[in-house]
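With the sequence shown counted from 1, adding 51 to any position gets you my numbering.
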Amino acid sequence: MSQLFKNHSNKKEKYVLFVGGLFYANEFGIKWFIKNVSPFISFKTYIIGSGFEKFKDEFEKYKNVRVIGKVDELSSWYLDAQYIIAPIFEGSEMKTKVAEAFMFGKKYLQRAQL
């Protein structure tokens, strides 16, 4: 792995990471994940993306969900994440967030394509 992307964080917390701006497919997908997956995993779920701040109260009713919203720098979030999630039900087969997960050497979880 490139020195540029080596993780120098001291975080011990395990979390899954969702990254994406607020538009219909991302909103639908993360709401589905929060309701149907998040309650059954021991990891926290962090949501990063412009516009998701408006769902902070709704999403954080689930004890292991945190809405971060827009951030200035993403690399440390990617580096510290255990998994990147892409619960998208519409659109192209290859999501940008999946390519970013690969770039950081991360495993990603996405729903099965039907």
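We treat Cβ as the ideally placed atom computed from N, Cα and C, and that holds for glycine.
Which of helix, strand or coil does DSSP assign to residue 68?
Locating residue 68 in the sequence shown gives position 17, counting from the first residue. Reduced to three states, the DSSP call for residue 68 is strand.
Indicate whether residue 136 and residue 159 have their beta-carbon atoms separated by less than 8 angstroms.
Sequence index remark: in the sequence shown, residue 136 carries index 85 (1-based). Sequence index remark: in the sequence shown, residue 159 carries index 108 (1-based). Closer than 8 angstroms, so yes.
Less than 8 angstroms between the beta carbons of residue 121 and residue 94, yes or no?
Here residue 121 refers to the residue found at position 70 of the sequence shown. Here residue 94 refers to the residue found at position 43 of the sequence shown. For residue 121 and residue 94, no; Cβs fall outside 8 angstroms.
Can you tell me where the alpha helix (DSSP H) with residue 120 in it begins and where it stops?
Start at 1 with the first residue of the sequence shown, and residue 120 comes out as number 69. Where residue 120 is concerned, there is no enclosing alpha helix (DSSP H), although the beta strand (DSSP E) it sits in stretches over 116-120.
Any idea which residues DSSP pairs residue 97 with across the strands?
Your numbering for residue 97 matches position 46 in the sequence shown. Bridge pairing for residue 97: 68, 117 [DSSP].
Determine the burial state of residue 155: buried for a count of at least 16 other Cβ atoms within 10 Å of its Cβ, exposed for fewer.
What you label residue 155 is simply residue 104 of the sequence shown in a count that begins at 1. Only buried fits residue 155, as 16 or more other CB atoms lie within 10 angstroms of its CB.
What would DSSP say about residue 76, mapped onto helix, strand or coil?
The count along the sequence shown starts at 1 and reaches residue 76 at position 25. Helix, per DSSP.
Between 68, 67, 84, which has its C-alpha nearest residue 28's C-alpha?
Residue numbering for the chain in the displayed model covers 52 to 165; residue 28 lies beyond these limits and cannot be assessed.
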